[in-house]
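Notes follow once the structure below has been shown.
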Amino acid sequence: MALLDVVVPPGVGSGETIEITDEGGRQHHATVPEGLREGDTFRVELEAECGTLMDAFETWFEREKIDDQIEEFIIRNAQHLDVTNAELEGGTDGEQSHNWWPIYEIYQETFEALLQQFLDSAGCSAEEFLAAAKDASGIAEMYTKWFLSLSSYEMFVECMMDEEKRQRGMVDGS
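Numbering-wise (the UniProt record's numbering), the sequence shown opens with residue 1 and increments by one.
If you want it as structure tokens, here you go:
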């Protein structure tokens with residue numbers, strides 16, 4: 001459920017139905033609770049429908065430039081990997097240095113903070129988000145799958161290794 005704070009508009013009293021617009025621009029109807037009058041605030045529960053929630057995720061992802069934020073983290077931190085060129089050329093199948101773990105923990109905190117930012121803005125729980133993500137389609141599906149894959153250690157290692165190779169000129173940077 002998404003929660004929306006609504007202010008009773010001028011000229012409207014308790015028991016009357018008003019039209020409200022959510023953050024995604026969708027129209028809903030709400031009845032002003034008894035005892036409230038113009039200027040009072042009340043909270044309305046909106047169903048977190050898959051389309052609505054995933055549309056909100058897509059909008060948030062693009063507005064907040066989430067891909068750029070993750071890329072900036074990787075660019076800033078890849079240089080801190082203690083890895084040789086031979087290890088970079090060998091791929092991500094082997095063991096990584098223990099000094100990667102603190103960087104991964106910061107990476108994970110960054111990911112979790114971004115996810116929480118979205119959950120708070122959408123007024124939904126992680127469980128509601130994951131349930132809606134299972135039925136996502138189109139661009140929202142692509143963004144959701146990519147975003148959720150970022151939380152894995154394997155994806156972290158792959159991204160960091162690729163960036164370190166790029167910074168060392170071992171691959172084309174385009």
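Every residue, glycine too, gets a C-beta built ideally from N, C-alpha and C. Quantities reported herein were computed from a predicted structural model and do not represent experimental measurements.
What span of residues does the beta strand (DSSP E) with E23 cover, start to end?
Careful: E23 lies outside any beta strand (DSSP E) and carries neither H nor E.
Assuming V157 is part of the alpha helix (DSSP H), what are its boundary residues?
Y153 to Q167
Residues of its chain near S151, where Cβ-Cβ distance is below 6 Å and the 5 sequence neighbours each way are ignored:
F111
From the DSSP output, which residues share a beta bridge with V12?
In DSSP, V12 forms no bridge with anything.
Between F118 and K165, what straight-line distance do the alpha-carbon atoms span, to the nearest angstrom?
32 Å
With three or more beta-carbon pairs closer than 8 Å as the criterion, would you say the region 123-132 touches the region 50-65?
yes
Residue of M160, L115 and L81 minimising C-alpha distance to E71
M160
Closest residue to W100 among R168, I74 and E128 (Cα-Cα distance)
I74
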